[in-house]
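A.B. asks: Numbering follows full-length UniProt numbering, in which position 51 of the sequence shown is assigned residue number 51; successive positions increment by one, without gaps.
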Amino acid sequence: MSFRVTKTLTSNDGKNEDVPYGPSVWYTDKHLFTYGYELQLPEARLQNWYPSSFVDPEDPSTRFQTMEHYIMWRKAMCFQDHETAKKILVAATPSEAQALGREVKNFCGMRWRKDVLDVAIDGNWLKFSQVAECREALLATGDKVLAESNPKDRNWGIGFRGDEAAEHESEWGTNLLGLAQMRVRDRLRKEGKQ
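#1: Does the distance from the C-beta atom of Arg185 to that of Leu117 stay below 8 Å?
#2: Between Asp29, Asn106, Glu164 and Arg63, which lies nearest to Ile88 when the distance is taken from Cα to Cα?
#3: Here's the rule I'm using: 16 or more other beta-carbon atoms within 10 Å means buried, otherwise exposed. How should Lys105 be labelled?
#4: Considering only residues of the same chain and omitting the five flanking positions on each side of Met182, which have a CB-CB separation below 6 Å?
#5: Please classify Tyr21: does DSSP put it in a helix, a strand, or coil?
#6: Do you know how far the Cα of Ser149 is from the Cα of Tyr35?
#7: In the UniProt domain "NADAR" (42 to 189), which residue ranges form an unbroken beta strand (DSSP E) of at least 3 residues, counting only runs that do not cross its ends?
#8: According to DSSP, what are the bridge partners of Tyr37?
#9: Do you know how far the Cα of Trp156 is from the Cα of Trp172?
#10: For a quick check, are the C-beta atoms of Met72 and Ala97 less than 8 Å apart?
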């Protein structure tokens, strides 16, 4: 399997043990693997932590700074934790929003697993239908299989680095982010949103 590396950067300066390797974008003929939002590349716009302010049309006063903020807010709301939901909305960074999401009261993993793909699809729809630069990046992926190539995340991602992922496709994790984005990409095309 041949890979074309658009750009591979590393942000792991040894200070952050949680960063298995730096932000990267990997292409194969069939796939697009992304990891990290810090890249100065259009593909970084696909990431949950990429700054992409959007609103919930049901309550336009509710603004989300990133997809991560949206997901964690929905998680808190799903379990009626309004106090944490408010904190998530004003969290300064996606990392802070994620940390708050881990503190949601009355959390039930079984219930969240049942709802999370719909939450991911809803949030990605809001982001990509409202934020033109992100929509353009998503539509530019063509028909590629989209995958979050975080080797430490088999839920939102595939559990493999981009440089090894295609060879292990049958072993991938759930890839919630990629699945949601591919559904949203199809819907954007069907609705003629360019």
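In this text, a Cβ means the ideal position worked out from N, Cα and C, and glycines have one as well.
C.D. replies: With the structure as the only source:
#1: no
#2: Arg63
#3: exposed
#4: Leu146
#5: Caution applies to Tyr21, whose pLDDT of 48 falls short of 50 and renders its modelled position unreliable; the value that the coordinates give is listed next. Tyr21: coil per DSSP, three-state reduction.
#6: 5 Å
#7: 54 to 56, 59 to 64 and 145 to 148
#8: DSSP output for Tyr37 lists no bridge partner at all.
#9: 11 Å
#10: yes
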